[in-house]
Amino acid sequence: MPLHHGHHEQAQVALVLFCVGPYRAALEACHVLAMTDHPTTLRTANAQTLLFEGGDHDSPPSRWLTLRDTQTTSDHQHIWQLGVSGDITLQQLPANTLYPLPKLLLSRRFSTALCGLTFDQQQLVLLLDARQLNPSLSQDPAIIQPTTNS
Numbered sequence: 001m002p003l004h005h006g007h008h009e010q011a012q013v014a015l016v017l018f019c020v021g022p023y024r025a026a027l028e029a030c031h032v033l034a035m036t037d038h039p040t041t042l043r044t045a046n047a048q049t050l051l052f053e054g055g056d057h058d059s060p061p062s063r064w065l066t067l068r069d070t071q072t073t074s075d076h077q078h079i080w081q082l083g084v085s086g087d088i089t090l091q092q093l094p095a096n097t098l099y100p101l102p103k104l105l106l107s108r109r110f111s112t113a114l115c116g117l118t119f120d121q122q123q124l125v126l127l128l129d130a131r132q133l134n135p136s137l138s139q140d141p142a143i144i145q146p147t148t149n150s
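With the UniProt record's numbering applied, the sequence shown corresponds to residues 1 to 150, in that order.
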């Protein structure tokens, strides 16, 4: 397939890039509803804890990405927040620069949310599937449900 450098029909994918521990990661922008400096929803999850069991808790999240809860279908648009660190950027990357995981990595991945790889300014970026992130796995269910005991 010939490449046309002046052609603007190249498919682009909007990604929200952020840090998870020592790694850069990205979610498709269509899954991110908002970004805040402080958590504003009842359900939150630190990305480092959610993605890496036994993650380092010394660095608390500095930003919170608001995501739609994919576990519920159409019940009043449930939302939750993913705590991330470092700079958050919105970038358009060419679709042909997004790569699925090689079979060896796929069989040994640390999270079912890890679905691919790309590079941004020669730095490896882990592509995450927001639909596979589950905030309930990283926190005590008592935090999610309001309690009546004091």
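Yeah, the Cβ is synthetic: ideal placement off N, Cα and C, and Gly gets one too.
This structure is a prediction, so every number in the text was calculated from the model and none was measured.
Alpha carbon to alpha carbon, how far is residue i from residue j?
i	j	result
ASP129	GLU28	8 Å
LEU101	GLY86	25 Å
ALA113	LEU50	10 Å
LEU92	HIS31	It should be noted that the sequence gives Gln, not Leu, for residue 92. Answer to the nearest angstrom: the Cα atoms are 15 Å apart.
LEU15	ALA45	20 Å
SER74	LEU82	Residue confidence for SER74 is low, a pLDDT of 48 falling below 50, so the modelled location carries little weight; the figure read from the coordinates is stated next. Using only the alpha carbons, I get a separation of about 20 Å.
THR70	ARG109	21 Å
ALA34	ASN96	27 Å
PRO61	GLN122	25 Å
ASN134	GLN48	13 Å
LEU90	ASP120	12 Å
SER59	GLN132	24 Å
ALA11	PRO94	6 Å
THR41	PRO22	26 Å
Leaving out the 5 sequence neighbours to the left and right, which residues in its chain are closer than 7 Å to residue i when beta-carbon positions are compared?
i	result
LEU98	VAL13, GLY116, THR118, LEU127
MET1	At MET1 the pLDDT is 39, less than 50, meaning the model places this residue with poor confidence; the figure from the coordinates comes in the next sentence. Excluding sequence neighbours, MET1 sits near nothing in its chain.
SER111	LEU51
ASP37	ARG63
SER107	none
Can you tell me whether DSSP reads residue i as helix, strand or coil?
i	result
ALA11	coil
GLN92	strand
LEU133	coil
THR112	coil
SER85	strand
THR41	coil
In chain order, what residues of the same chain lie with their CB nearer than 6 Å to the CB of residue i, ignoring the 5 residues before and after it?
i	result
CYS19	SER85, GLY86
VAL125	ARG24, ALA26, THR118
PRO39	TRP64, GLN81
Kindly give me the distance between the Cβ atoms of residue i and residue j, rounded to whole angstroms, as I take these residues to be in contact under 8 Å.
i	j	result
LEU67	ILE79	7 Å
From the DSSP output, read off the bridge partner residues of residue i.
i	result
ARG24	CYS19, VAL125
PHE119	LEU124
LEU67	VAL32, TRP80
PRO100	GLY116
If I measure Cβ to Cβ from residue i and keep anything under 8 Å in the same chain, skipping five residues before and after, which residues do I get?
i	result
ILE88	VAL16, LEU17, PHE18, MET35, ARG63, LEU65
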